[in-house]
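**Q** One structure follows; several queries about it will come next.
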Amino acid sequence: MSAPSRDQIISNLKRANQVADRAVSLGHHPFGAILVAPDHQTVLLEQVNLNTVEHAESVLARIAFNNYPSDFLWNCTLYTTVEPCAMCSGTQYWANIGRVVYGMSEVRLLELTGSHSENPTMSLPCREVFEKSQKSIHVIGPVEELESEIAEKHLSFWKN
105 MSAPSRDQII SNLKRANQVA DRAVSLGHHP FGAILVAPDH QTVLLEQVNL
155 NTVEHAESVL ARIAFNNYPS DFLWNCTLYT TVEPCAMCSG TQYWANIGRV
205 VYGMSEVRLL ELTGSHSENP TMSLPCREVF EKSQKSIHVI GPVEELESEI
255 AEKHLSFWKN
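179 is the number that the working numbering gives to position 75 of the sequence shown; each next residue is one higher, with no gaps.
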C-alpha cells in the first residue's frame, strides 16, 4: 500500500474540514470525514457528524463497507478532522479501511471541550485501539499544519 504525499494529506484534510463546516451548517457538531481511494486523490465518500453516536467516521466506514469490496477498502484512507474515538476506530477496523489520517488529536479535543455533555471525549488514542487488533492499520496524525485551523473551529463551536 503506497503512502500519500504530504501535499495529498494536507489537501484531503482540508476537504474533511470543509465537510466539518457543512456539519455545523446542518446543526451538527464540527466533525467531518472523507474516504479517499488508493490513488490518494479520488474522494469516494464524504460524511458529516450526525450526533453523539453517529460520528462522521463510523457512519462513513459502515457506508463504505456496504459499497466497496474489503480488499479495495484496505488500500483506501479515511481522513478525519479529529482523531477517531474508540467506537470509530473499531468501526474502521471492522470495515477493513487500512489507513487513517487525522488533523487534531483527541487529547487536544478534550482540552477544548472539557467535560461538555454533548462530547464526553474518551482518553483512548486510536493507535492504542489498533495496537490491540489483528490488523496493522496505518495511522498518520495529528497533522500540525492544520491542527490550529481545526482547533479554532472547535473552540468557537463548543463555547457557544
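Ideal placement from N, C-alpha and C gives every residue a C-beta, glycine not left out. Fair warning: this is a prediction, and the values are worked out from it, not measured in the lab.
For Asn153, count neighbouring Cβ atoms within 10 angstroms of its own Cβ and tell me buried if that reaches 16, exposed if not.
**A** Buried, by the Cβ-count rule.
**Q** Within 10 Å of its beta-carbon, does His159 have 16 or more other beta-carbons around it, so buried, or fewer, so exposed?
**A** buried
**Q** Roughly how many whole angstroms lie between the Cα atoms of Ile138 and Tyr183?
**A** In this structure, the alpha-carbon of Ile138 lies about 5 Å from that of Tyr183.
**Q** Let me check understanding here. Comparing Cα to Cα, which of Trp198, Met208, Leu214 lies closest to Glu251?
**A** Met208
**Q** Of all the options Arg119, Ala141, Leu216, Ser237, which has the alpha carbon lying nearest to the alpha carbon of Trp178?
**A** Ala141
**Q** Please report the straight-line C-alpha distance between Lys263 and Val211, rounded to a whole angstrom.
**A** 17 Å
**Q** Please classify Met191: does DSSP put it in a helix, a strand, or coil?
**A** Collapsing the DSSP output to three states places Met191 in a helix.
**Q** Could you spell out where the alpha helix (DSSP H) holding Ile254 opens and where it closes?
**A** The continuous alpha helix (DSSP H) containing Ile254 extends over residues 248–263.
**Q** What first and last residue would you give for the alpha helix (DSSP H) that runs through Val211?
**A** 210–217
**Q** Report all residues from its chain with a CB closer than 6 Å to the CB of Ser148; omit the five preceding and five following residues, and keep chain order.
**A** Inspection of the sequence shows that residue 148 is occupied by Leu rather than by Ser. Around Leu148: Leu139, Ala141.
**Q** Per the contact definition of three or more C-beta pairs closer than 8 Å, is the segment 169–176 in contact with the segment 228–246?
**A** Counting Cβ pairs under 8 Å, fewer than three are found: no touch.
**Q** At 3 residues or longer, what runs of the beta strand (DSSP E) sit wholly inside the segment 123–150?
**A** 136–140
**Q** Within 10 Å of its beta-carbon, does Gly245 have 16 or more other beta-carbons around it, so buried, or fewer, so exposed?
**A** Around the C-beta of Gly245, 16 or more other C-beta atoms lie within 10 Å, and the residue is accordingly described as buried.
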